[in-house]
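Each remark here refers to the structure printed beneath this line.
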Amino acid sequence: MLMRESAKDDVLLDVRDLETHFYGEESVTRALGGISFQVKKGETLGVVGESGCGKSVTALSILRLLPKLTARTVGGEVRFRGRDLLELSDREMRKVRGDQIAMIFQDPMTSLNPVYTVGHQIAEAVQIHTKASHPVAAAKAEEMLRLVRIADPERRVNNYPHEMSGGMRQRAMIAMALACSPELLIADEPTTALDVTIQAQILRLIVDLKERTGTAVMFITHDLGVVAETCQRVIVMYAGRIVEQASVIDLFARPAHPYTQGLMRSVPDRRRGRQRRLPEIPGIVPSLREPIVGCSFAPRCPFAIDICRDKTPVLRDVGSSHTAACWRAEEVMGA
Amino acid sequence: MAAYVFRRLVSTIAVMAMVGIFVFLLLRLAPGDPAAMIAGRSATEEMIAGIREKLGLNDPMPVQFIHWVRDMLSGDFGTSIFAGRPVLELMSQRLEPTVSLSSLTMLVSVMIGVSFGILAAWRAGGPIDRLLTAFSALGFSVPVFVVGYFLVYFFAMRAQLLPVQGYKPISQGLGPWFEHLILPTVALSVAYIAFIARITRASMLEVLSEDYMRTAAAKGASSFAMLFHHALKNAGVPILTVVGISFAYLIGGVVLTETVFNIPGIGRLVVDAINNRDYPIIQSVLILTSGLYVFINLTVDLAYTLIDPRIRY
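So this is what it looks like as structure tokens:
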């Protein structure tokens, strides 16, 4: 009992049955079909899945940054340090954004405001959340640029985004996100838009800073290689739902969902040498505009049997701290 | 930057030379003999010939042109045929009402137009947006003299809140000056407010969907900071462009408004000059307004660099 209580104290973010819909001209897209997961203090949680599976929508739902006219979170709770963020007023929510939960985005080329210097944009984050005077905030901006290892920070604070390379801009974004020492950093595909060589540098930087500051990180990516390098735990998403949840070690050792297995097979592996052709998952992702009967992965699944097509599987334990939403998880793990 | 300004100034000289030739020819090619007009109806042939000689109208055209340009450059814009006084003196007497009316109109139009545009973009698709869009469409299509007489009827004649027409110089007190300018300014501003609001809305809408606006929201920026700090400056280049264009169009609007409200400004001076075929005045006003256009254009182009650091010349 005592163990359980202390385990609960460790939970920083507790998402329960989060459901988000997008409203089109005449259809509703169920982008998130009720997902639940936790982020513990100081841990790095990977969120994996292919495009359109709901990874980014999850992040934007947590921070309530979805486009107001077309999207709405219709159900669930987002408990952050015990408070449900979905219940907060707009003003209270603004105090959370950038201060307690910060976010970095995929495309550093478009995510910084082109008409202000990066120093100004970092200092702004500081000034929104603290009473810091202008010179203090400006000094903090320079310090943050040094922290993210931008050479010549005293000069770079006065640069406009277009005067920086993509990698440097993403470093500036990270500096901005970490300026107020958030407890949770949501990184939405932070390396996808960058050159491969820069990707590794940015990943290492995030891992380093995470260790130094103790910030928990929610790392959204479609790249299992990135997950293996950076995360402790992983959730795998498919068609707006979580299909598997495990520690990184368990996930790679014994994937329990056929979709996870498919993802792993489609990662190129240098050790296997030149492959004839990279295996892919056959079929296409189901439309989220119509209700899905049974398991959403069943049409593409080599393990699918009748029950998969009739009844939707829910997440269940398939090992210690390892859950999967698959009727045949045991067979899948044994395969 | 300095090189750019220099190049622009050089091209300004070329533009002004073209305008000069056009304006010069306007007088020479127009029907009627200026000398005969100056001399009046009862003049004799000798009198007209004397005036022709005095004005240098017997010289070859290029010589006349050079003399004309030389005189203007030395500040001599000629003498009014009708009033018989230097054009420059007549214009400077009429400058204050026109400058008052146009600067007040620009100030009001930019402030209200930009605010309306921002408000409409912020509440895009909502009732406020639809109301403002309807107002823009209406304001843009109703001419100054309709709005003007409408305002005069209700606010000056029926309600008797404001003077019907006329102008009081600023030297007679700020109150009367302002009172006389309210209705003309409102009448003239309506179209510009509509124009500026429409462009501001479109430009802001585009900016509001940019990635960096989401970044600003993720930082915890307030709606006010998002709109006025992050979005407005990015939307500024198109807005500045239409403000520049509005300024240029303003001169036409001023002529109408001064006529409707009987304001003794440059606009009225020109209208009277056209009625009287007072060519020296028409020429001078044309040259000076063209110069003003060119100057406004250059100022706007240079102001872009203040708004967007990516624009460099």
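As given, the protein sequences belong to chains A and B, one line each in that order. Under the working numbering, think of the first position of the first sequence as 205, with each following residue one higher. Under the working numbering, think of the first position of the second sequence as 12, with each following residue one higher. Don't be surprised by glycine CBs; every beta carbon is placed ideally from N, CA and C.
ARG321(B) belongs to the set of residues whose beta carbon lies under 9 Å from a beta carbon in chain A.
Chain A has a Cβ within less than 9 Å of the Cβ of TYR223(B). Per the DSSP secondary-structure output, SER451(A) pairs in a beta bridge with ARG437(A).
The stretch 25-36 of chain B makes contact with the stretch 293-309 of chain B; the number of CB pairs closer than 8 Å reaches 3 or more.
Contacts with chain A (Cβ-Cβ distance below 7 Å) from the stretch 241-268 of chain B involve HIS241, LYS244 and ASN245, listed in chain order. The beta carbons of ALA198(B) and LEU162(B) sit closer together than 9 Å. Taking each of PRO459(A), ASP510(A), ASP392(A) and LEU467(A) in turn and checking the Cα distance to GLY523(A), the smallest one comes out for PRO459(A). About 7 Å separates the Cβ atoms of GLY238(A) and LEU222(A), confirming a contact at the 8 Å cut-off. Put simply, the backbone Cα of VAL219(A) is about 33 Å away from that of HIS240(B).
With a 10 Å radius around the Cβ and a threshold of 16 neighbouring Cβ atoms, MET122(B) comes out exposed.
Chain-ordered, the chain B residues with CB closer than 7 Å to the CB of ILE332(A) read LYS230, GLY231 and ALA232. In the structure shown, SER295(B) adopts helical secondary structure according to DSSP, grouped into three states. Under the 8 Å Cβ criterion, the stretch 258-267 of chain B does not count as touching the stretch 44-53 of chain B, having fewer than three qualifying pairs. The residue from LEU388(A), GLU296(A) and PHE309(A) with its alpha-carbon nearest to that of LEU216(A) is LEU388(A). Following the DSSP letters along the chain, one finds LYS179(B) in no alpha helix (DSSP H), marked with neither H nor E. Counting C-beta atoms within 10 angstroms of its own C-beta, ASN273(B) has fewer than 16 neighbours from the protein chains shown and is therefore classed as exposed.
When the five nearest sequence neighbours on each side are left out, the beta carbons in the same chain lying within less than 8 Å of the beta carbon of GLY67(B) are those of VAL74, GLN75 and HIS78, in order along the chain. When C-beta atoms of the stretch 166-179 of chain B are compared with those of the stretch 199-219 of chain B, fewer than three pairs fall below 8 Å, so the two segments do not count as touching. MET372(A) is positioned such that its CB atom lies closer than 9 Å to that of ARG360(A). Taken in chain order, the whole beta strand (DSSP E) runs of length 3 or more contained in the stretch 343-408 of chain A are 388-392. Close to chain A, meaning a Cβ-Cβ distance shorter than 7 Å, are the following residues of the stretch 130-159 of chain B: GLY136. DSSP places PHE241(A) in the uninterrupted beta strand (DSSP E) bounded by 232-244. In its chain, beyond the 5 residues on either side, ALA132 and ALA242 have a beta carbon closer than 7 Å to the beta carbon of LEU219(B). Counted as a single uninterrupted DSSP element, the beta strand (DSSP E) harbouring TYR227(A) occupies residues 215-227.
VAL232(A) is a Cβ neighbour of ARG493(A), given a cutoff of 9 Å.
Between PHE501(A) and HIS461(A), the C-beta gap is smaller than 9 Å, which places the two residues in contact. Less than 9 Å divides the Cβ of ALA329(A) from the Cβ of CYS384(A).
Restricting attention to VAL125(B), PRO187(B) and LEU20(B), the CA atom closest to the CA of GLY247(B) is found in VAL125(B).
Within its own chain, the residues whose Cβ lies closer than 8 Å to the Cβ of ARG350(A), once the five positions on either side in sequence are excluded, are PRO357, listed in chain order. DSSP, reduced to helix, strand and coil, places PHE284(A) within a strand of the structure shown.
Secondary structure note for HIS526(A): it is in no alpha helix (DSSP H), and the uninterrupted beta strand (DSSP E) holding it is 526-528. By a beta-carbon distance limit of 8 Å, ALA235(A) does not contact GLY250(A). Their separation comes to about 20 Å. In this structure, VAL438(A) and VAL452(A) form a Cβ contact; the two beta carbons are roughly 6 Å apart against a cut-off of 8 Å. For ASP521(A), the enclosing beta strand (DSSP E) stretches over residues 520-523. Residue contact check for GLU291(A) against chain B: no CB pair falls below 9 Å. For the pair LEU20(B) and ASN308(B), the Cα-to-Cα distance works out to about 11 Å.
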